[in-house]
Amino acid sequence: MNKKYSYVGIAFIILLFGIYTVPKVVNRFSDTGLVKFDKVPNFEFINQEGKTITNDTFNGKVYVVEFFFSTCPTICPLMNKKMLTLQDAFFGNPEFGIASISITPEIDTPKILKAYAKSSGITHKNWHLLTGKSEDVVYTLSNQGFKLYAGKGDASHAGFEHSGLFALVDKNGYIRSRKDEFGNPIMYYRALEEQTFPDQIKELKEDIKLLLNE
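Going by our numbering, the first residue of the sequence shown is number 83, and it counts up by one from there.
Structure, rendered in structure tokens:
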């Protein structure tokens, strides 16, 4: 057999092998390794500027969700200090956003939320402080949609309670998270220190970067 044609044949086989395998390798290495959960349910709120904000507002963006209220005397100020570090880390990035959803919509009007944003140093254009039509709408989204508790509480919490966790959502609207050291999905990120457990803001920043590049 002519060696010239033999070498051509081998080169052709290698080329075909490369065409077939390279996309698979790229896909494997472009995979963030973050677990995908349910898609965020449809929502419609008003932000601090009086503008209507829906799921579509966040299409193509990686965003972080929290439930809070402006008169919260306990964990909300601490949570939003952590959220401010996310704002600083991704300031000016048009593909990053934050949704802070009030669990006291009767109190947190757009005017109140705008004042809260100013006093808190909230300046990222994609950080929306959101208020709804009723508590029931917000509670349904929180408890059923995100499975993050929000509801009535005792006087020490100004009559309301909510989770101290942040939810991470990808560009397609799916809740995402990393796994813990045992291989179990954490689902949400601790915004606050809990006894011997530190917050997970560092991990959250790392995973936001992964999703921005996904």
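Think of the CB as a built atom: it goes at the ideal place given N, C-alpha and C, for glycine as much as any other residue.
**OP:** Could you give the DSSP three-state label for residue 121: helix, strand or coil?
**Re:** For the purposes of this step, residue 121 is identified with residue 39 of the sequence shown, where counting begins at 1. Residue 121: strand per DSSP, three-state reduction.
**OP:** Pick out the complete beta strand (DSSP E) segments inside the segment 146-192, 3 residues or longer, and give them in chain order.
**Re:** Correct list: 178-184.
**OP:** Give the DSSP-derived three-state secondary structure of residue 140 in the structure shown.
**Re:** As a first step, residue 140 is located in the sequence shown; it is residue number 58 there, counting from the start. Helix at residue 140.
Subject >> Three CB pairs or more closer than 8 Å across the segment 262-280 and the segment 159-166 >> reply: The segment 262-280 is in contact with the segment 159-166.
**OP:** Return the residue from the list 270, 170, 213, 154 that minimises the CA-CA distance to residue 181.
**Re:** For the purposes of this step, residue 181 is taken as the residue at position 99 of the sequence shown. The option with the nearest alpha carbon to residue 181 is 213.
Subject >> Selected residue, minimal CA-CA separation from residue 206, among 294, 155, 176, 132 >> reply: The count along the sequence shown starts at 1 and reaches residue 206 at position 124. The residue with the shortest Cα to Cα distance from residue 206 is 176.
Original post:
What did DSSP end up calling residue 276 once you bin it into helix, strand or coil?
Top reply: Locating residue 276 in the sequence shown gives position 194, counting from the first residue. Looking at residue 276 - three-state DSSP - the assignment turns out to be strand.
Original post:
Going by the CB atoms, is the gap between residue 128 and residue 192 shorter than 8 Å?
Top reply: By 1-based counting over the sequence shown, the position of residue 192 is 110. By 1-based counting over the sequence shown, the position of residue 128 is 46. Yes, the Cβ-Cβ distance between residue 192 and residue 128 is below 8 Å.
Original post:
Contact between the segment 212-228 and the segment 116-134: three or more CB pairs below 8 Å?
Top reply: Touching, yes.
Original post:
Whose C-beta lies closer than 7 Å to the C-beta of residue 364 among residues of the same chain, with five residues either side of it excluded?
Top reply: This structure cannot speak to residue 364, because the chain is shown only from 83 to 296.
Subject >> Segment limits, alpha helix (DSSP H) that includes residue 221 >> reply: Here the question's residue 221 lines up with position 139 in the sequence shown. Segment 217-221, the alpha helix (DSSP H) holding residue 221.
Subject >> Coarse secondary structure for residue 201, derived from DSSP in three states >> reply: Numbered from its first residue, the sequence shown carries residue 201 at position 119. Helix, per DSSP.
Original post:
How about the segment 288-295 and the segment 152-159: do they share at least three Cβ pairs that are nearer than 8 Å?
Top reply: Judged by Cβ distances under 8 Å, the segment 288-295 makes no contact with the segment 152-159, as fewer than three pairs qualify.
Subject >> CA-to-CA distance, residue 168 to residue 232, given in whole angstroms >> reply: Looking up residue 232 in the sequence shown gives position 150. Looking up residue 168 in the sequence shown gives position 86. CA-CA distance, residue 232 to residue 168, rounds to 23 Å.
Subject >> Integer Cβ distance of residue 248 from residue 131, believed to fall under 8 Å >> reply: The count along the sequence shown starts at 1 and reaches residue 248 at position 166. The count along the sequence shown starts at 1 and reaches residue 131 at position 49. With 8 Å as the limit, residue 248 and residue 131 do not qualify as a contact, their Cβ atoms being about 23 Å apart.
Original post:
Looking only at its own chain, which residues have a Cβ that is under 7 Å from the Cβ of residue 281, when we skip the five neighbours before and after it?
Top reply: As a working mapping, residue 281 is identified with position 199 in the sequence shown. For residue 281, the CB contacts under 7 Å within the same chain, skipping 5 residues up- and downstream, are 164, 272, 273, 274, 275 in chain order.
**OP:** Give the range of the beta strand (DSSP E) segment to which residue 286 is assigned.
**Re:** If you number the sequence shown from 1, residue 286 lands on position 204. Careful: residue 286 lies outside any beta strand (DSSP E), inside the alpha helix (DSSP H) at 283-294.
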